[in-house]
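One structure below.
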Amino acid sequence: MLKGQRILVTGGTGQVARPVAEALAEHNDVWCLGRFGTPGVERELSEKSITTWHWDMDDPSPDTLKGLPEDFTHVIHSAVRRGDDGDFNATAEVNAVATGRLMAHCRTAEAFLYVSTGALYARQTLDHAYTEDDPVDGVADWLPAYPVGKIATEGAVRAFSQVLGLPTTIARLNIAYGPGGYGGVPMLYFKRMLAGEAIPVPVTGQNWCSLLHTDDLVAQVPHLWRAAATPATLVNWGGDEPVGITECVEYMSELTGVEARLTPSEVTRETYRFDPTRRRSLTGPCTVSWRDGIRRTLEAHFPQHVRRPAHH
3 MLKGQRILVT GGTGQVARPV AEALAEHNDV WCLGRFGTPG VERELSEKSI TTWHWDMDDP
63 SPDTLKGLPE DFTHVIHSAV RRGDDGDFNA TAEVNAVATG RLMAHCRTAE AFLYVSTGAL
123 YARQTLDHAY TEDDPVDGVA DWLPAYPVGK IATEGAVRAF SQVLGLPTTI ARLNIAYGPG
183 GYGGVPMLYF KRMLAGEAIP VPVTGQNWCS LLHTDDLVAQ VPHLWRAAAT PATLVNWGGD
243 EPVGITECVE YMSELTGVEA RLTPSEVTRE TYRFDPTRRR SLTGPCTVSW RDGIRRTLEA
303 HFPQHVRRPA HH
C-alpha cells in the first residue's frame, strides 16, 4: 500500500472509489471531489480523515477546480455523467472536458487512473473472453449514452496523457461488488428477487461477466498506478473467474431460499467476460472467489435472508 502520498479521488461516494479512498486515507492525504448529494456522506468521509471538495462535472465554467491543490501524487477518476437523460452530445462533452481539465490540473502527478467500462466492447458471443484489443462500438441498449461518453473520454484521456506527459492507466471496469455502497449489480438482482420481479436472461445460454470484489479492487489500484505510462496503459479490470449471471442468481437463491424468477428475454442487461491475462500481469491474481464474495456481500446487505450453513 502507498504511504505519505497526496491522493485525489473523484466519484468518492460510489461503489468503486469510496472503498479505495477509505483504505488509502489510513496512510495518505486523501481528497474526494464530488457533489456529495447524499445527506451525511461528507461527514462520513471526513470522519475517515478524508478532505472533501465540491466539484460538479456539469459546471461548464473553466475555473471549477480553482483553489484545489495541484500537488497530488496520484489520481483515480471514477466520477461520471452516466447519460441517463439520453443526451449523447452532453454526455460526451461533459465527461471528456471535465476529465481534460482534471488532468491538466493534476499534470505533475506520478500517475492518473481513469475508470472506464467494459460496456463499450462490440458484442460478441455471450461467453466471449474480451481482450483489450477487441473492437469497441459503444452500443448498450440498457443505457445508450453511457458507453459513448466513455469512448469519448478515453480519447481525451489518451490525448492529455501524451500532451501533458502524464503517466496514465485506462482501466475498463467489469462489475464491481462488495459489502460497501449498494453492493453492486448482484445486489440489484437480489432486490428484484425479493420483490418477486422477473429477471430477464438470454433465450439461450447465459450472460457471463468477471465480477471484481472490492477487496481485490482496492488492492489492485496501487498496481494500476504503478503501470501508468504515456501513451496510456490500457487494461481490462475484472476478476479472474468467469461468472455466469444466471448461475450467480441461482447461487443467491440457494444461499437465501429466495426464489429467482428467470425469464428468457431478447433484451437483457448485457455483461462482458474479460480475459484477465494483462491485468494479472500488472496486479497479480485476485484473492476473493466469487462465491465467497457473493456470500459475504449478501451477509452485509441482507443478513436476515442468508441461511446459516448446517454444521454436521
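Numbering-wise, the sequence shown is residues 3 to 314 according to the working numbering. Positions of the beta carbon are idealized from the N, C-alpha and C atoms, including for glycine. Since this is a predicted model, take the numbers as computed values, not measurements.
8 Å contact criterion, which residue i and residue j should meet: CB distance rounded
i, j, result
"VAL234", "THR171", "In the sequence as presented, Val is not what sits at residue 234; that position holds Ala. That pair is a contact at about 7 Å."
"GLU272", "ALA173", "No, GLU272 and ALA173 are not in contact; Cβ-Cβ is about 19 Å, not under 8 Å."
"HIS79", "GLN7", "At roughly 16 Å, the Cβ-Cβ gap does not stay under 8 Å, so HIS79 and GLN7 are not in contact."
"GLY207", "LEU128", "5 Å"
"LEU168", "HIS107", "About 11 Å separates the two Cβ atoms, so there is no contact after all."
"THR232", "SER163", "5 Å"
Reduced DSSP category for residue i - H, G, I as helix; E, B as strand; rest coil
i, result
"TRP227", "helix"
"HIS130", "coil"
"TYR148", "helix"
"ASP65", "coil"
"SER291", "coil"
"HIS303", "helix"
"HIS79", "strand"
"ASN91", "helix"
"ALA19", "helix"
"PHE38", "coil"
"ILE9", "strand"
"ILE177", "coil"
Proximity to residue i [Cα-Cα], best of the options
i, options, result
"GLU261", "VAL205, MET195, ARG281 and ILE201", "MET195"
"ALA230", "ALA113, GLY88, HIS107 and VAL18", "ALA113"
"THR270", "ILE296, ASN209 and LEU257", "ASN209"
"SER51", "LEU67, HIS29 and LYS68", "HIS29"
"GLY120", "PRO311, HIS307 and PHE276", "PHE276"
"LEU35", "LEU26, ILE9, ALA25 and PRO41", "ILE9"
"VAL187", "GLY259, ILE296 and PRO146", "ILE296"
"CYS211", "ARG282, LEU175, ALA221 and GLY198", "LEU175"
"PRO64", "THR101, PHE74 and GLY88", "THR101"
"HIS307", "TRP33, ALA25, PHE192 and ASP31", "PHE192"
CB of residue i within 8 Å of CB of residue j, strictly
i, j, result
"GLY151", "ASN97", "yes"
"ARG37", "HIS56", "yes"
"TYR116", "TYR274", "no"
"ALA94", "ALA154", "yes"
"THR289", "ASP218", "yes"
"PRO278", "ASP242", "yes"
"ARG103", "LEU166", "no"
"LEU226", "TYR179", "no"
"PHE90", "ALA158", "no"
"THR258", "VAL203", "no"
"GLY185", "PRO21", "no"
"GLU134", "ARG280", "yes"
"MET59", "ALA23", "no"
CB contact check: residue i to chain C, cutoff 8 Å
i, result
"GLU301", "Here there is only one protein chain, and chain C is not present."
Next on the checklist: With a threshold of 8 Å, are at least 3 pairs of Cβ atoms found where one atom belongs to the stretch 33-51 and the other to the stretch 3-17?
Outcome noted: Yes, since at least three Cβ pairs between the stretch 33-51 and the stretch 3-17 fall closer than 8 Å, the two stretches touch.
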